[in-house]
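Visitor:
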Amino acid sequence: MRTLSEASAQRSHLVRNALWVGGAFALAAAMGLLRNMLIARQFGLGAELDAYYAAFKLPDLLFTIVAGGALTTAFIPVFVQLLTTEGVMSAWRLASAFTNLVFLAIAALAIPMAFLSPWLVRAVIAPGFPAPLQDETAALMRLILLSTVIFGVSSVQTGALHGFKHFWLPALAPVVYPLGTILGAVWLVPLWGIRGLALGAVIGACMHLIVKIPALLHHHFRWWPVLDVHAMAVRQVAILFGPRVLDLGVFHLTMLATTNLASRLGAGSVSALEWGWDAMQIPETIIGTAFGLVALPTLADMAARGDLRGLRNMLAGALRLVLALALPAACALIMLGQPLLQLLYQRGAFDAAATEAVYIALRFYALGLVAHVCLELVARAFFARQDTITPLFLATGSATFNILLGILLMTPLGHGGLALANSLAVSGEVVALLLILRRRIGCIHGHRILDGLARLALATTLMVVTMLAVQRLIEKTDTTIMVVASVGISGLLSYLICTTFLKVSPLQLAGELAHSEAVPRGGAMKETEPSNVA
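Heads up: the sequence shown begins at 1 in my numbering, then just goes up one per residue.
1. Out of 352, 436, 407 and 456, point me to the one whose CA is closest to residue 382's CA.
2. Please list, in chain order, all residues of the same chain as residue 360 whose beta carbon is under 6 Å from its beta carbon, the five residues on each side excluded.
3. Kindly indicate which residue of 119, 219 and 184 has the alpha-carbon position closest to the one of residue 87.
4. Could you tell me if residue 475 is buried or exposed, where buried requires 16 or more neighbouring beta carbons within 10 angstroms of its beta carbon?
5. For residue 503, does the count of other Cβ atoms within 10 angstroms reach 16, so buried, or fall short, so exposed?
6. Do you know how far the Cα of residue 349 is from the Cα of residue 26?
7. On a CA-only basis, which of 53, 41, 183 and 16 is nearest residue 134? Give me that one, please.
8. Grab the span of the alpha helix (DSSP H) containing residue 56 for me, first residue to last.
9. Nearest to residue 299 by alpha carbon, out of 222, 421, 378 and 458?
10. Buried or exposed: where does residue 421 fall if 16 or more other Cβ atoms within 10 Å of its Cβ makes it buried?
11. Between the Cα of residue 102 and those of 493, 459, 225 and 355, spot the shortest distance and give me the residue it belongs to.
12. Anyone know if the C-beta pair for residue 236 and residue 78 falls short of 8 Å?
13. Counting beta carbon pairs with one atom in the segment 163 to 179 and one in the segment 131 to 145, are three or more of them shorter than 8 Å?
14. What residue ranges within the segment 280 to 358 form continuous alpha helix (DSSP H) runs of no fewer than 4 residues, ordered along the chain?
15. What is the C-beta distance between residue 64 and residue 208, in whole angstroms, given that I count them as a contact (C-beta under 8 Å)?
16. With H, G and I counted as helix, E and B as strand and the rest as coil, what does DSSP make of residue 162?
17. Which residues in the same chain as residue 216 place their Cβ atom closer than 8 Å to its Cβ, once the five residues preceding and following it in sequence are excluded?
18. Going by the beta-carbon positions, is the gap between residue 214 and residue 28 smaller than 8 Å?
19. Assuming contact is defined by CB atoms lying nearer than 8 Å, are residue 391 and residue 434 in contact in what I supplied?
20. Quick one: is residue 314 buried, meaning 16 or more other Cβ sit within 10 Å of its Cβ, or exposed?
21. For residue 325, count the other beta carbons within 10 Å of its own beta carbon; 16 or more makes it buried, fewer makes it exposed. Which is it?
22. If you draw a straight line from the alpha carbon of residue 262 to that of residue 402, how long is it in whole angstroms?
23. For residue 387, does the three-state DSSP call read helix, strand or coil?
24. Out of curiosity, what's the CA-to-CA distance linking residue 180 and residue 469?
25. How big is the Cα-Cα spacing for residue 405 and residue 258?
26. If you draw a straight line from the alpha carbon of residue 506 to that of residue 364, how long is it in whole angstroms?
27. Looking at the unbroken alpha helix (DSSP H) that takes in residue 480, where does it start and where does it end?
28. Check whether the Cβ atoms of residue 320 and residue 509 sit closer than 8 Å, and answer yes or no.
29. With the cut-off set at 8 Å, would you say residue 201 and residue 147 are in Cβ contact?
30. Using 10 angstroms around the beta-carbon of residue 372, count the other beta-carbons present and answer buried if the total reaches 16, otherwise exposed.
31. Under 8 Å: do the segment 391 to 400 and the segment 424 to 431 share three or more Cβ pairs, one atom per stretch?
32. Taking the alpha-carbon positions, what's the residue 154 to residue 106 distance?
33. Are there 16 or more other CB atoms within 10 angstroms of the CB of residue 289, so buried, or fewer, so exposed?
34. Distance, Cα to Cα, residue 60 vs residue 374?
35. Return helix, strand or coil for residue 224, following the three-state DSSP convention.
36. Taking 7 Å as the limit between beta carbons, can you name the residues of its chain near residue 188, skipping five residues before and five after?
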């Protein structure tokens, strides 16, 4: 039986972990920006960079199918269950089995993909590229497949460490990964051109794995040369893994389809979408992914104990908090995206036309930022209850809508239409998941979430008005950094003052999440049927 203080401590620990992971992701984003600045100066927004980003699409899909977030979200609940019931060695044996299975599976698929890469590029990835660019894309893809094998092994170790609720070293892995590409941009590109960037990605993948070794040793890491394909725990992960891998596979197939369509729009379109997506992913990762990663083990623990009240309270509190962060971030990207891109990237081969092309994509992607952030949490509420089927069906519907809408919008809006299609599709997916989740677990405090959303929308509107007023006052300045700093700081201060007055500031909501009651005073509350309260 858990006491109120234990429940509160668990939630407080979650908030601290989310802040740490979010901070680490912010540092990773800074490293990614430095990497992109170097790439922008050297290559601009042209055909070579299109080939580089297109070359990642199938290796990313392979990683996702075998070892990406699909494996970790299926693996963590079973790993935690073994850790609790059978001890550390049994849990590490499961991790060993999946490390070995992942390595063999990725290698078995990567080798034929490397041989077939010219055909795959021509037929699947970029049919709109000219023939020489298709050949270069195939060569880059062979190099990137090496990093996919390394990432596969690294992902299982990340899942195991998250099972131990050890987040800080795994959170540093995305920080060191861009270092490899930075090294490639500085030292290898002068020797081998764009292929030097691909080699840098392989170096970064090695660093992604190596940085976690101290944490693995701290938790008594053991490795056995086993597969254990008939073991109950392995089969349990496989059952959860199947639908989730299809879910994420659908996402990457959608991104692949987007690249396919963008390759028909002219040079630079693929890169513009990639850079716009990367810019939107900075706040999405810092806010949504950070909370999603640290929430899953706790939500899984609550679901395993039947503590639906605690699960609902935590989900509602976390949604209110991420909304308080994501809403202003989305508006800031739309308001300041162009001068920020100009400040960061517009030099060397990256000209004003490139800035405008990336901003078009960023503006439309930013419209879906709130939905992407909420999806990170809402989907994990299903995973915590070992339900990976429902998110799969919704993701499939969302992907179909995304592709069809992209085909319709790419003619009038160009590559911006492809970005807008993504935002609209994900928004619909999140709404549908929330409605289904409410039916499954009962009241998720929708009235509190909507009340908070209304207050946050008011504060965000006042923030935008303030930013527009300041922008009008300094519109004649020629200093981009002055525009970004003045408008950004004034908007931030306005938002913090308004949300504090309306009692929905991020600090206030974080405090509520950390100290709100997760269980009744009598102890753990076990519920098997959802409440009918709205």
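By construction, the Cβ of each residue, glycine as well, lies at the ideal position given by its N, Cα and C atoms.
What you are looking at is a predicted structure, and each value in this text was computed from that prediction instead of being measured.
Guide: Per the coordinate set shown:
1. Measuring from the Cα of residue 382, the nearest candidate turns out to be 436.
2. 416
3. 219
4. Label assigned to residue 475: exposed.
5. Residue environment for residue 503: exposed (fewer than 16 other C-beta atoms within 10 angstroms of its C-beta).
6. 27 Å
7. 53
8. From DSSP, residue 56 is part of no alpha helix (DSSP H); its letter is neither H nor E.
9. Nearest option by C-alpha distance: 378.
10. The C-beta of residue 421 has 16 or more other C-beta atoms within 10 Å across all chains shown, which makes the residue buried.
11. 225
12. Result yes, Cβ atoms of residue 236 and residue 78 sit closer than 8 Å.
13. No, they do not touch.
14. Here the runs fully enclosed are 290 to 305 and 308 to 345.
15. The Cβ separation is near 16 Å, so there is no contact.
16. helix
17. 157, 160 and 161
18. no
19. No, Cβ-Cβ distance for residue 391 and residue 434 is not below 8 Å.
20. That one is buried.
21. buried
22. 14 Å
23. coil
24. 42 Å
25. When rounded, the distance between both Cα atoms is 11 Å.
26. 25 Å
27. 480 to 501
28. Yes.
29. yes
30. buried
31. Touching, per the Cβ criterion.
32. 13 Å
33. buried
34. 23 Å
35. coil
36. 196, 199 and 200
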